[in-house]
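Residue numbers (the UniProt record's numbering): 1 to 462. Contents: one structure, followed by commentary.
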């Protein structure tokens with residue numbers, strides 16, 4: 001039986017989509033859950049059917065093999081025995097040695113073992129093996145496009161744990177970080193397009209961007225990235241964070257502070273040219289993180305910007321918006337505080353974005369300890385309208401209204417439903433006059449081709 005090139009792909013879509021009622025996206029979008037869910041939630045059914053599809057003929061065998069082995073997830077299963085988990089590591093190496101290594105494109109390391117797991121204290125051997133196995137596997141799979149690391153051991157439970165148990169969990173978690181760092185430091189990944197790091201900001205991370213010959217591998221990976229997602233979830237400062245209660249402060253806090261993690265990653269971006277980065281997400285799940293160095297990057301193709309629980313300079317945020325004026329489509333600002341500058345400057349530039357169709361501002365404002373703290377809103381007079389930006393300046397809210405009207409105008413041009421005033425509180429505010437400050441001109445560079453509809457989903461519910 002001879003089939004044209006389109007027939008195998010069409011039938012594969014029927015197996016995945018119609019057979020089990022799932023929606024299929026032919027292009028893997030970011031690190032997200034769309035295609036990955038097909039291989040996890042309905043994984044047993046889909047993998048079984050795709051395996052059967054390989055038996056039809058040679059064309060189907062090649063096609064189904066590429067799909068079956070394109071997404072690999074590595075994790076420790078607390079419900080399995082030590083031998084079963086060790087066998088998973090051996091199987092990972094066998095994939096790298098076999099005929100399937102060329103099909104592997106996306107790797108996710110998901111380390112989310114509860115702090116109360118009875119096996120947590122039995123994992124040392126497995127984690128020691130992971131430090132060796134993971135870099136070797138990454139070296140064999142040279143066409144890796146996605147690396148996603150979710151290392152959040154015991155996140156939800158550690159707030160109620162005494163210091164000794166907290167220290168044990170962190171020690172295990174750092175072993176996972178060690179394996180990932182070795183891979184990024186010593187394995188060139190020239191095809192890497194999506195990098196997501198949800199890891200504790202421990203001292204080992206300093207080596208990820210340290211000077212030396214191995215730094216070339218990290219720069220090679222960063223140079224071709226399209227999507228970067230930095231998640232900071234642990235507490236390494238002794239006076240803040242969701243884990244640490246006042247009577248359970250570690251006697252010797254780790255020497256590497258959380259805010260330096262993001263600063264180091266941003267520093268690599270500053271020294272490594274990358275005009276093709278399309279989405280940037282920096283998300284803190286503990287106390288506010290200061291983004292030193294944000295805005296120094298040459299971001300001219302950014303389409304999606306997501307910042308959560310961070311402190312940043314107004315001019316740095318202004319540079320990013322102005323630099324990607326011709327491409328920026330989505331802006332999510334969640335609990336972003338300006339420590340210098342004014343929100344009106346940033347919002348004035350955002351109102352010029354001709355492609356901005358998705359906007360979220362949630363409990364943003366000014367850092368009470370920053371140079372712009374005189375614009376902080378008095379909490380006694382805050383209303384629902386301050387849920388977007390808590391500010392003492394009416395100009396900030398007027399410019400926010402201008403941005404919200406711009407978003408709805410852009411959506412109308414594209415045939416999208418407008419955002420209602422129940423979500424955009426400032427749609428009908430008066431126009432601000434005069435404009436507070438001229439925005440810097442956008443750099444002129446050749447931009448990449450168009451962006452397919454569909455957003456990279458950087459959010460992982462912790």
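No residue lacks a Cβ here, since even glycine has one placed at the ideal position from N, Cα and C.
1) So, using beta-carbon positions, are residue 307 and residue 274 closer together than 8 Å?
2) Per DSSP, which one or two residues make a beta bridge with residue 110?
3) My guess is that residue 184 and residue 133 are in contact by the Cβ rule of under 8 Å, so how many angstroms apart are they, rounded?
4) Quick check: what's the CA-CA separation for residue 328 versus residue 89?
5) Using DSSP with H/G/I as helix, E/B as strand and the rest coil, what is residue 466?
6) First and last residue of the beta strand (DSSP E) that includes residue 405?
7) Which term fits residue 407, buried or exposed, when burial requires 16 or more other beta carbons within 10 angstroms of its beta carbon?
8) Can you grab the Cα-Cα spacing for the pair residue 290 / residue 311, in whole Å?
9) Residue 140 by DSSP, collapsed to three states: which one?
10) Which value, in whole angstroms, describes the spacing of the CA atoms of residue 138 and residue 198?
11) Please tell me whether residue 330 and residue 352 are closer than 8 Å, where the distance is taken between their beta carbons.
12) With a Cβ-Cβ cutoff of 8 Å, do residue 399 and residue 322 count as a contact?
13) In the DSSP assignment, find the beta strand (DSSP E) that holds residue 313 and state where it starts and stops.
14) For residue 144 versus residue 107, is the C-beta distance shorter than 8 Å?
15) Residue 151: buried (16+ other C-beta within 10 angstroms of its C-beta) or exposed?
16) Give me the residue from 178, 95, 309 with the minimum Cα distance to residue 362.
17) For residue 284, write down the residues that DSSP places opposite it in a beta bridge.
18) Less than 8 Å between C-beta atoms, sequence neighbours within five positions excluded: which residues of the same chain meet that for residue 84?
19) Buried or exposed for residue 374, going by 16 or more other Cβ atoms inside 10 Å?
20) Less than 8 Å between the C-beta atoms of residue 232 and residue 285, yes or no?
21) Is the CB-CB distance between residue 354 and residue 410 below 8 Å?
22) Our contact map puts residue 320 next to residue 281 with C-beta atoms below 8 Å; I'd like the distance itself, whole angstroms only.
23) Which residues share a DSSP beta bridge with residue 195?
24) Under three-state DSSP, which class holds residue 275?
25) Are the CB atoms of residue 376 and residue 336 within a distance shorter than 8 Å?
26) Please give the ranges of any beta strand (DSSP E) in the stretch 318-366, keeping only runs that are unbroken, at least 3 residues long and fully inside the region.
27) Looking at residue 75 and residue 110, is the spacing between their C-beta atoms short of 8 Å?
28) When you compare only the Cα positions, how much space is there between residue 403 and residue 189?
29) With DSSP as the reference, label residue 389 as helix, strand or coil.
30) Tell me the rounded alpha-carbon separation between residue 421 and residue 82.
31) Can you tell me whether residue 103 is helix, strand or coil according to DSSP?
32) Please report the Cβ distance between residue 186 and residue 135, rounded to the nearest whole angstrom; I am assuming they are in contact, meaning their Cβ atoms lie under 8 Å.
33) Output yes or no for whether 8 Å exceeds the beta carbon distance between residue 192 and residue 147.
34) What does the alpha-carbon distance come out to for the pair residue 433 and residue 178?
35) Take residue 332 and list the residues in its own chain whose beta-carbon comes closer than 6 Å to its own, dropping the five residues that flank it on each side.
36) Residue 469 and residue 227 look like a contact to me (Cβ under 8 Å); what is the Cβ gap, rounded to whole Å?
Looking at the coordinates:
1) no
2) 75, 150
3) Residue 184 to residue 133, Cβ: 15 Å. No contact.
4) 41 Å
5) This structure cannot settle anything about residue 466, because the visible part of the chain is limited to 1 through 462.
6) Residue 405 -> not in any beta strand (DSSP E); alpha helix (DSSP H) instead, spanning 394-413.
7) buried
8) 5 Å
9) helix
10) 18 Å
11) no
12) no
13) 304-313
14) yes
15) buried
16) 309
17) 232
18) 77
19) exposed
20) yes
21) yes
22) Actually they are not in contact, since the Cβ atoms of residue 320 and residue 281 sit about 13 Å apart, beyond 8 Å.
23) 147, 228
24) coil
25) no
26) 330-340, 358-362
27) yes
28) 39 Å
29) strand
30) 55 Å
31) helix
32) 6 Å
33) yes
34) 54 Å
35) 306, 360
36) Any answer about residue 469 is impossible in this case: the structure gives the chain only from 1 up to 462.
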